Structures are given as C-alpha cells and as structure tokens.
Amino acid sequence: MEELRPGSDIVILGLGPGVQLALQAAELLSAQGVSAAVANVRRVHPLDSDSLLKLVARHKAVLTVEDNALAGGFGSGVLELLAESEILMPVGRVGLPD
22 MEELRPGSDI
32 VILGLGPGVQ
42 LALQAAELLS
52 AQGVSAAVAN
62 VRRVHPLDSD
72 SLLKLVARHK
82 AVLTVEDNAL
92 AGGFGSGVLE
102 LLAESEILMP
112 VGRVGLPD
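At the far end of the sequence shown sits residue 119, using this note's numbering, and the numbering has no gaps.
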C-alpha cells in the first residue's frame with residue numbers, strides 16, 4: 022500500500038482504476054474543506070492488515086473505491102478487518118453492483 026496524498030479527515034483507499042477516482046475525489050473534498058488522504062492499495066488478498074489498520078487509525082472515516090462487485094470485494098474485506106479489530110468508524114464503499 023502506498024499513501025499518495027496526505028490528509029487527516031478521511032482516507033480514500035483506491036484499487037486499480039479506482040486510484041485516479043480517489044485522487045479526483047480528494048481534490049473535490051479539499052475544495053470543501055475536507056482533508057482527504059489517498060492510498061493506492063496494490064494487493065487485495067491477502068490484505069496488508071497491519072499497514073491498513075495503521076493508516077485507518079489516523080482518520081475519522083474510510084472510503085473504498087474499486088472496479089469490482091461490492092459484494093465480497095475489497096470494501097467488504099476492509100469492513101471485515103475493521104469489525105474483527107473492533108474499530109468503529111464510518112465506512113463508505115464505491116464499486117459495481119453485484
């Protein structure tokens with residue numbers, strides 16, 4: 022995982038083509054006063070749990086952006102990791118319908 026843009030309010034986790042969308046979203050959020058970090062997630066399975074948890078801990082919310090089905094996809098894996106780690110925070114997912 023590579024952090025492409027620093028931010029403090031939300032972290033947007035982009036996967037594949039979702040990385041460019043995440044960077045664009047961060048720019049739009051910045052114009053509205055929201056500090057958005059962007060990370061390029063290069064590997065989905067297995068998730069880089071340690072790096073992901075450290076990154077998420079520095080933010081108030083998470084958004085995942087992927088070009089796969091949401092059901093059982095990367096965003097679902099992030100939700101499962103946060104639940105198993107007993108981390109409660111808002112999580113949004115952007116992807117394709119099942």
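All C-beta atoms in this analysis are idealised placements derived from N, C-alpha and C, irrespective of residue type, glycine included.
None of the values given here were measured: they were computed from a predicted structure.
According to the neighbour-count rule (16 or more other Cβ atoms, all chains shown, within 10 Å of its Cβ), is residue i buried or exposed?
i    : result
I31  : buried
H123 : Residue 123 is absent from the model: the chain starts at 22 and stops at 119.
A78  : exposed
A52  : exposed
A92  : exposed
L49  : exposed
Given residue i, which residues of its chain have a CB within under 7 Å of its CB, disregarding the five upstream and five downstream residues?
i    : result
S120 : Lying outside 22 to 119, the shown extent of the chain, residue 120 is not represented and no answer is given.
P38  : D88
L100 : V112
G96  : T85, E87, R114, G116
Which residue wins for smallest C-alpha separation from residue i, given the options the options?
i   : options             : result
P27 : A47, G39, V40, R63  : A47
A90 : V83, S70, V115, D69 : V115
A82 : M22, L25, I33, E24  : I33
Q41 : L50, M22, G93, N61  : N61
What does a CB cutoff of less than 8 Å around residue i pick up in its chain, not counting 5 residues either side in sequence?
i    : result
L102 : L68, S70, L73, L74
Taking C-beta to C-beta, are residue i and residue j nearer than 8 Å?
i   : j   : result
G35 : V86 : yes
E23 : R63 : yes
For residue i, which residues from the same chain have a beta carbon less than 6 Å from its beta carbon, with the 5 sequence-adjacent residues on both sides left out?
i   : result
G98 : L68
G94 : E87, G116
L25 : V59, N61
Taking 8 Å as the threshold, find out whether the segment 106-117 comes into contact with the segment 49-58 through three or more Cβ pairs. Flag = no, the segment 106-117 and the segment 49-58 do not touch.
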